[in-house]
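K.L.:
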Amino acid sequence: MSNHNANTFTAKRKPVVLMSMGAQERKGHAYQVMTHKYITPLAEISGCVPLLAPSCCGVDDLEQYLSMVDGVYLTGAGSNIDPILYGQDNLTPNKGQDKDRDLFDIPLIRAAIERGIPLFGICRGMQEINVALGGDIHQKAYEVPGFNDHREDSNDPVEVQYSDTHKVRPVPGSWLAELIGEEEFPVNSLHGQAIDRLGEGLEPLAHAEDGLIEAIHMPGAKQFTAAVQWHPEWRATENPYSVKLFQAFGEACRQYAAQRDQ
1 MSNHNANTFT AKRKPVVLMS MGAQERKGHA YQVMTHKYIT PLAEISGCVP
51 LLAPSCCGVD DLEQYLSMVD GVYLTGAGSN IDPILYGQDN LTPNKGQDKD
101 RDLFDIPLIR AAIERGIPLF GICRGMQEIN VALGGDIHQK AYEVPGFNDH
151 REDSNDPVEV QYSDTHKVRP VPGSWLAELI GEEEFPVNSL HGQAIDRLGE
201 GLEPLAHAED GLIEAIHMPG AKQFTAAVQW HPEWRATENP YSVKLFQAFG
251 EACRQYAAQR DQ
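FYI, in the UniProt record's numbering the residues of the sequence shown are 1 to 262.
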């Protein structure tokens, strides 16, 4: 490659963001998968290049992955985190688990924070961040007195499952409150589990109307570290609040990439 072409490539280079894949069984074969709805807003709104990492191969190559990326993006999934990782018995044995993803993402989160790599989590991803930092989970949030049932009805059409069902209120004065520019805004809700005790260094960033923690951040971290319990990836380009979130993450990744390239 000529120097001119190399310089052009560097100028046009987009941030690379690691997305850890999850396990899925199909017709007797084990798959590693990632849903389109998570990938497309990262590319279309954040302006980043997704790097999909299989979580079934262990963590031997974790440092190499992190040396290649400018952000880490932890998505939702149909599985729950193994409660043994936060010191509890499994109260939802009928719900699927993905222990390979658990054992990949928890050290990934800790290493990304240590390296100063921007980190964004959605649903399961938010809960992973909390567990990685020593927090725990309400395994059945819908049975906790005072909390509403935040689960979707699996019999509804997908469009109904992902429709706005309640409002969240950003913590006044927080960066999320400034980003959104409104005291409260509507979100979808598709989760049976929720954060209980917060992990070390984490603080609430938004709450649902019933007080449940809907977003977290790590104000002591030098980089963008945030996560939400709802699903901003769903038809993200049509949702102004989702657009703001993915733009903010993309900008953080660009800043990290610029600093790394110096």
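Where a beta carbon is used, it is the ideal one built from N, C-alpha and C, also for glycine.
Predicted model only: the values in this text are computed from it and were never measured.
Determine, using beta carbons only, whether H138 and Q193 come nearer to each other than 8 Å.
P.N.:
In this structure, Q193 lies closer than 8 Å to H138 by Cβ.
K.L.:
Assuming Y31 contacts T75 under a Cβ cut-off of 8 Å, what Cβ separation, rounded to an integer in Å, is found between them?
P.N.:
Their Cβ separation, rounded to whole angstroms, is 16 Å, which puts Y31 and T75 out of contact at 8 Å.
K.L.:
Could you check if D164 is buried or exposed, using at least 16 other CB atoms within 10 Å of its CB as the buried criterion?
P.N.:
It counts as exposed.
K.L.:
Helix, strand or coil: which one does DSSP assign to R242?
P.N.:
Sequence check: residue 242 is Ser here, not Arg. Correct three-state label for S242: helix.
K.L.:
Determine whether the Cβ of Q247 lies closer than 8 Å to any Cβ atom of chain C.
P.N.:
Protein chains in the displayed structure number just one, and chain C is not present.
K.L.:
Kindly indicate which three-state DSSP category I39 falls into: helix, strand or coil?
P.N.:
Three-state result, I39: helix.
K.L.:
From E200 to G135, what does the alpha carbon distance come to, in whole angstroms?
P.N.:
One C-alpha to the other measures close to 7 Å.
K.L.:
Using the three-state DSSP reduction, which class does L212 fall into: helix, strand or coil?
P.N.:
Residue state, collapsed to three classes: coil.
K.L.:
On the criterion of 16 or more Cβ atoms from any shown chain inside 10 Å, does H36 qualify as buried, or is it exposed?
P.N.:
Per the 10 Å Cβ criterion, exposed.
K.L.:
If you count every other CB in all the chains shown that lies within 10 Å of the CB of M19, and 16 or more means buried, which is it?
P.N.:
Under this definition M19 is a buried residue.
K.L.:
When the Cβ atoms of the region 97-111 are set against those of the region 119-131, are three or more pairs found closer than 8 Å?
P.N.:
At 8 Å Cβ cutoff, the stretches touch.
K.L.:
Can you tell me which of the three DSSP states Q88 falls into?
P.N.:
DSSP places Q88 in coil when its eight states are reduced to three.
K.L.:
Do L52 and V69 have their CB atoms nearer than 8 Å?
P.N.:
Result no, Cβ atoms of L52 and V69 do not sit closer than 8 Å.
K.L.:
What does DSSP give as the partner residue(s) for P204 in the beta ladder?
P.N.:
For P204, which the question treats as bridged, DSSP gives the partners I216.
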